Amino acid sequence: MIGIINYKAGNSHSVKNACEKIGVECKYVGGPDDFDGVSAIVLPGVGSAKATLDSLDEIGVLPRLEELVLRRRVPFLGICVGLQILFEHSEEDDADCLGWIKGNVVKFDEKNVRVPQIGWNRLVRKRRDPFLAGLGESAYFYFVNSYYAKPADESDLLAVADYDGEFCAMIRRGNIYASQCHIEKSGPVGLTVLKNFCEGGNG
Amino acid sequence: MLANRLIACFDVIGGMVTKASQFQNNIDIEPAVDAARRIYEQQIDELIFYDVTASAEKRPIDLNLVEAVGKEVFVPYTVGGGIRGLTDMYNVLKSGAEKISVDSMAVRNPQIIAQGAKEFGSQCVVLSMQVKRVAKSASIPSGYEIAIDGARVFTGMDALEWAARGADLGAGEIVVNSIDNDGTHHGYDLDVTGLIADNVRIPVVASGGAGKPEHLYDVFTRTQASAGIISSMLYSPRLERNFTVEEIKEYLRRRGVAVRPFIGR
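Protein sequences appear in the order of chains A and B. Here the first sequence stands for residues 474 to 676, where the numbers follow the numbering used here. Here the second sequence stands for residues 2 to 266, where the numbers follow the numbering used here.
In structure tokens form, the structure reads like this:
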């Protein structure tokens, strides 16, 4: 059973629709007592890192998330700002983040590119991983972001895309996966990645 | 870098997709949910639904429809029409849409752009504007005036100034719909699209007038637009020939325009 963290600023609805489309059992997690039966966790995200962290704090799931993900190694997938808050710090509102992954989050340079980045960008794989199985040669994913993460440890990088140079599109560190792009809104390739995660998480 | 986006646009009345010409003479095409599924399966990059009578009928947007579309469509979609404030925006987003389009309401109350951006993020707030070519004047230096309420009411506002203000207030994207070209199928107004795209730093979406793939080629090669809205050419019986998303993308790809590739079955 996939647990989708359901909080004020998230787009949990879209992730739930996507899980249902690929035939994966899922439920909303709206508080610390809702994790029963959950074998993998998805944290959807839209909006700012600070608003997201405040919102997660408000529903009281953070201590339980840390226990499940960091100590019990439950598979975890963060999407968009759900990737950004895993890092140590975000330039957006000067926010201290969770620090599960070393590195920080910075803004695209408005002098060079339109910000936010909105649209389909080509994913370039940095290493082989079952998470990215079945995508074919040229897979485009949907991105909406003004900020991007800079992992301190290059080996955390799974894939990048190009917007004013390479930026972090997906990461993996052990049981922690995260995607800057909205895999729930990236058409068939996005659903493939979600399925890869869910099957890994339930397997 | 980003692919140029194709956005399918649907005007919806009572759950049915309709097609008007220059804001008049609507004819019904098909149920909106069916249209959404069909065009999604054609691999459109994005969709926009306008609940076109919500505003005039002073009723909130049809959330059941927003929700039903969300179960069929796994690319981003925007909803507009009848948005009165933050509560409506929240409801639309929670029903499964990614973005909210504001138009006449934003002209009446520009702060809604800032409030929406603050509450939900800029990426959720699309400023749609109806622009009409007029004589250049001191008050309308760009030669394009903003109209509201189904392009019936002229505001005296300059289109470029409004676009810049919208971007400053926190809009994440701007849709520039040409009233003159809307429904003509003769191509986008490249002048106003280019003018606005050159002068704001957020993505600009061209709208109004697309009738064949060539028009998308023109807008992507001759302006800095990030996306083009298409509707009639996809499904209107008023056009001699409709095109599939695949046909349009293939046309663009062959001519060197970056698009999200069509994935063969």
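Glycine included, each C-beta is placed from N, C-alpha and C at the ideal position. Please read these numbers as outputs of a predicted model, since none were measured by experiment.
Chain A residues whose Cβ lies nearer than 8 Å to that of residue i
i      : result
B/Met2 : Asn594, Asp635, Tyr636
Range covered by the alpha helix (DSSP H) that runs through residue i
i        : result
B/Met106 : 105 to 109
A/Lys481 : Taken as a continuous stretch (DSSP letters only), A/Lys481 belongs to no alpha helix (DSSP H), as it is neither H nor E.
A/Leu526 : 522 to 532
B/Phe75  : Where B/Phe75 is concerned, there is no enclosing alpha helix (DSSP H), given that its DSSP letter is neither H nor E.
B/Leu217 : 214 to 223
CB contact check: residue i to chain A, cutoff 8 Å
i        : result
B/Leu94  : yes
B/Ser227 : yes
B/Gln116 : no
B/Leu253 : no
B/Lys272 : In this structure chain B extends from 2 to 266, so residue 272 of chain B is not present and cannot be described.
B/Gly167 : no
B/Pro77  : yes
B/Phe121 : yes
Cutoff 8 Å: residue i Cβ touching any chain B Cβ
i        : result
A/Arg587 : yes
A/Asn479 : no
A/Leu664 : yes
A/Lys500 : no
A/His486 : yes
A/Lys494 : yes
A/Ser563 : no
A/Asn675 : Since pLDDT at A/Asn675 reaches only 45, below the 50 mark, its modelled position is unreliable, and the value read off the structure follows with that caveat. Judged by the 8 Å Cβ criterion, A/Asn675 is not in contact with chain B.
A/Gln557 : no
A/Cys671 : no
Segment limits, beta strand (DSSP E) that includes residue i
i        : result
B/Glu47  : 47 to 52
A/Glu639 : 639 to 646
B/Glu146 : 145 to 149
A/Pro536 : Careful: A/Pro536 lies outside any beta strand (DSSP E), inside the alpha helix (DSSP H) at 535 to 539.
A/Arg600 : Neither: A/Arg600 is in no beta strand (DSSP E) and is coded neither H nor E.
A/Val506 : Before going on, a small fix: residue 506 of chain A reads as Asp here, not Val. Taken as a continuous stretch (DSSP letters only), A/Asp506 belongs to no beta strand (DSSP E), as it is neither H nor E.
A/Gly551 : 549 to 552
A/Ala634 : 630 to 635
Contact list for residue i against chain A, beta-carbon separation under 9 Å
i        : result
B/Gln124 : Val519, Gly520, Pro589, Ile591, Val617, Asn618, Ser619
B/Gln44  : Gly660, Pro661
B/Pro204 : Arg587, Pro589, Gln590, Ile591, Gly592
Contact list for residue i against chain B, beta-carbon separation under 8 Å
i        : result
A/Tyr650 : None at all; the shortest Cβ gap to chain B is about 19 Å.
A/Glu531 : Residues of chain B passing the Cβ test: none, with the nearest at roughly 15 Å.
A/Glu657 : Phe75
A/Ser611 : Pro262
Neighbour list for residue i in chain A, Cβ cutoff strictly below 7 Å
i        : result
B/Gly173 : Pro589, Ile591
B/Phe263 : Going along chain A, no residue has its Cβ under 7 Å from B/Phe263, so there is no contact; the nearest lies around 11 Å.
B/Arg6   : Gly592, Trp593
Residue i: contacting residues in chain B (beta-carbon distance under 7 Å)
i        : result
A/Ala642 : The premise fails here: A/Ala642 is roughly 13 Å from chain B at the closest Cβ pair, so nothing lies under 7 Å.
A/Ser528 : The premise fails here: A/Ser528 is roughly 12 Å from chain B at the closest Cβ pair, so nothing lies under 7 Å.
A/Asn490 : Gly71, Lys72, Gly97
Amino acids of chain B, ordered along the chain, whose beta-carbon sits closer than 9 Å to that of residue i
i        : result
A/Glu583 : Arg202
Only counting runs of 3 or more residues, tell me where the beta strand (DSSP E) segments fall wholly within the stretch 165 to 195 of chain B, in order along the chain. 174 to 179
For the stretch 227 to 266 of chain B, which segments carrying the beta strand (DSSP E) assignment without a break, of at least 3 residues, lie completely within its bounds, in sequence order? 228 to 231
Counting beta carbon pairs with one atom in the stretch 218 to 231 of chain B and one in the stretch 6 to 21 of chain B, are three or more of them shorter than 8 Å? yes
Contact between the stretch 82 to 91 of chain B and the stretch 29 to 47 of chain B: three or more CB pairs below 8 Å? no
Within the stretch 95 to 141 of chain B, ranges of the beta strand (DSSP E) (whole runs, at least 3 residues): 100 to 103, 126 to 134
Measuring CB atoms only, is the stretch 649 to 659 of chain A touching the stretch 602 to 621 of chain A, in the sense that at least three cross pairs come out at less than 8 Å? yes
Do the stretch 644 to 651 of chain A and the stretch 549 to 560 of chain A meet, that is, are 3 or more Cβ pairs less than 8 Å apart? yes
Would you check if the stretch 129 to 136 of chain B and the stretch 174 to 185 of chain B touch, i.e. whether three or more CB-CB distances between them fall below 8 Å? yes
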